[in-house]
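Visitor: 1 is the number of the first residue of the sequence shown in full-length UniProt numbering; add one for each residue after it.
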Amino acid sequence: MTKPVTVNMIILAAQRPGKVDPLAIAHEVSHKCLIPIAGKPLIVHVLETASRHPAVGAVRISIEPSAFAEMHPLVDYLNDAGGGIECTASADNLADSVLEAMTQLSDGPTIITTADNALLTSDAIDAMIAILTGDADVALAMAPKSAVLKTHPDGQRRFYKFSDDHYSNCNLYGLSGHEALSAAEIFRGGGQFAKKAGRIIESFGLINLLLLRSGWISLPSAMARISKRIGLTITPVVLPDGRNAIDVDNERSYRIVSGLLGQTAD
Numbered sequence: 001m002t003k004p005v006t007v008n009m010i011i012l013a014a015q016r017p018g019k020v021d022p023l024a025i026a027h028e029v030s031h032k033c034l035i036p037i038a039g040k041p042l043i044v045h046v047l048e049t050a051s052r053h054p055a056v057g058a059v060r061i062s063i064e065p066s067a068f069a070e071m072h073p074l075v076d077y078l079n080d081a082g083g084g085i086e087c088t089a090s091a092d093n094l095a096d097s098v099l100e101a102m103t104q105l106s107d108g109p110t111i112i113t114t115a116d117n118a119l120l121t122s123d124a125i126d127a128m129i130a131i132l133t134g135d136a137d138v139a140l141a142m143a144p145k146s147a148v149l150k151t152h153p154d155g156q157r158r159f160y161k162f163s164d165d166h167y168s169n170c171n172l173y174g175l176s177g178h179e180a181l182s183a184a185e186i187f188r189g190g191g192q193f194a195k196k197a198g199r200i201i202e203s204f205g206l207i208n209l210l211l212l213r214s215g216w217i218s219l220p221s222a223m224a225r226i227s228k229r230i231g232l233t234i235t236p237v238v239l240p241d242g243r244n245a246i247d248v249d250n251e252r253s254y255r256i257v258s259g260l261l262g263q264t265a266d
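This is the structure we're talking about:
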């Protein structure tokens with residue numbers, strides 16, 4: 001009899017040091033993850049999807065300790081329904097926040113996402129688990145441009161060009177276990193990694209950077225080249241549901257996600 005798979009989950013919910021997100025200010029809350037959307041705080045949509053998934057065990061919310069008191073009522077409510085959710089102190093950057101959260105979790109497959117990923121689907125978690133329980137050290141979820149635009153014509157404006165298609169990042173990542181933790185370095189300095197050529201050259205190499213930016217290489221081939229460079233097997237997870245690539249970044253995307261959540265509830 002096959003033993004059921006259990007995965008950990010980390011939800012990144014902290015703000016940039018010294019800054020309050022403009023959406024949080026507009027909605028008069030301390031953190032973007034607490035803005036109300038479709039009748040619930042933003043992060044609750046992510047937490048509900050995670051806690052209801054049969055394969056998700058421990059869940060860690062990475063956020064500033066100063067926000068723990070605001071998070072506890074939400075966490076207690078969801079844990080009463082059987083969730084294994086706890087808050088953990090975030091660090092000054094995403095890489096160290098992931099590293100800190102991982103130290104509190106048992107070794108094994110871990111999925112990482114963000115608190116604004118309100119449209120995260122159970123099928124996306126299934127797809128990540130399938131890859132992480134195979135040969136991959138790192139899983140990276142992407143959605144094809146056509147799938148994103150089918151979901152909403154203005155759902156995402158930034159796509160990465162590869163020779164096989166255009167893709168959007170889904171803010172959904174996976175590590176096979178503690179041995180793959182070095183991959184967390186791609187988060188260092190925040191979410192602007194793809195915009196900072198110096199860090200890409202240092203990590204991936206100049207030729208890989210040129211190939212990535214030219215669009216002359218397919219997504220699987222690009223990940224294979226980067227895997228060889230960093231010594232970890234990075235596998236792209238192409239999600240056919242474009243909702244997974246639409247998160248809450250600003251007032252425009254807030255309205256889009258709010259409408260899509262309303263459709264899901266119908």
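No residue lacks a Cβ here, since even glycine has one placed at the ideal position from N, Cα and C. Because the structure is a prediction, the values reported are computed rather than measured.
1) Would you grab the beta carbon distance between A141 and G242 for me? Rounded to a whole angstrom, and I think it's under 8 Å.
2) Taking the alpha helix (DSSP H) that V59 belongs to, which residues open and close that run?
3) Here's a check: name, in chain order, each residue in its chain whose Cβ is nearer than 6 Å to the Cβ of V29, leaving out the five neighbours to either side.
4) In chain order, what residues of the same chain lie with their CB nearer than 7 Å to the CB of I129, ignoring the 5 residues before and after it?
5) Going by DSSP in three states, T88 sits in which element: helix, strand or coil?
6) Closest to T121 by C-alpha separation, out of A58, E48 and E251, would be which residue?
7) Of all the options D116, C87 and P236, which has the alpha carbon lying nearest to the alpha carbon of V257?
8) Can D165 and K145 be called in contact, C-beta distance under 9 Å?
9) Return the first residue and the last residue of the beta strand (DSSP E) that T133 is part of.
10) If I'm right that C170 touches N244 with Cβ under 8 Å, what's the distance once you round it to whole angstroms?
11) Going by CA-CA distance only, name the one from V248, P240 and A24 that's closest to L149.
12) Can you grab the Cα-Cα spacing for the pair A14 / D96, in whole Å?
13) Measure from the alpha carbon of I246 to the alpha carbon of each residue in A89, S182, Q156 and I11, then state which is nearest.
14) Would you mind working out which of D154, A58 and H45 sits nearest N250, comparing C-alpha positions?
15) To test your reading of the DSSP string, which unbroken beta strand (DSSP E) runs of 3 or more residues are found completely within the region 89–155?
16) Quick check: what's the CA-CA separation for A124 versus A50?
Guide: In terms of the structure at hand:
1) In fact, because the Cβ distance is near 12 Å, the residues do not count as touching under 8 Å.
2) Premise fails: V59 lies in the beta strand (DSSP E), V56 to I63, not in any alpha helix (DSSP H).
3) For V29, where only same-chain residues beyond five positions count, the Cβ hits under 6 Å are I35.
4) Closer than 7 Å at Cβ, skipping near neighbours: V5, V7, A55 and P109.
5) DSSP places T88 in strand when its eight states are reduced to three.
6) Considering only alpha carbons, the answer is E48.
7) Of the residues D116, C87 and P236, the one whose Cα lies closest to the Cα of V257 is D116.
8) The Cβ atoms of D165 and K145 sit closer than 9 Å to each other.
9) Segment: none, T133 is in no beta strand (DSSP E) and carries neither H nor E.
10) That belief holds up - the Cβ atoms of C170 and N244 are roughly 4 Å apart, short of 8 Å.
11) Of the residues V248, P240 and A24, the one whose Cα lies closest to the Cα of L149 is P240.
12) Separation of A14 and D96 (C-alpha to C-alpha, rounded to the nearest whole angstrom) is 12 Å.
13) Ranking A89, S182, Q156 and I11 by Cα distance to I246 puts Q156 first.
14) Comparing C-alpha distances from N250 to each of D154, A58 and H45 shows the shortest one belongs to D154.
15) The beta strand (DSSP E) runs of length 3 or more contained entirely in the region 89–155 are, from start to end of the chain, 110–114 and 138–144.
16) Each residue's Cα considered, the two are about 11 Å apart.
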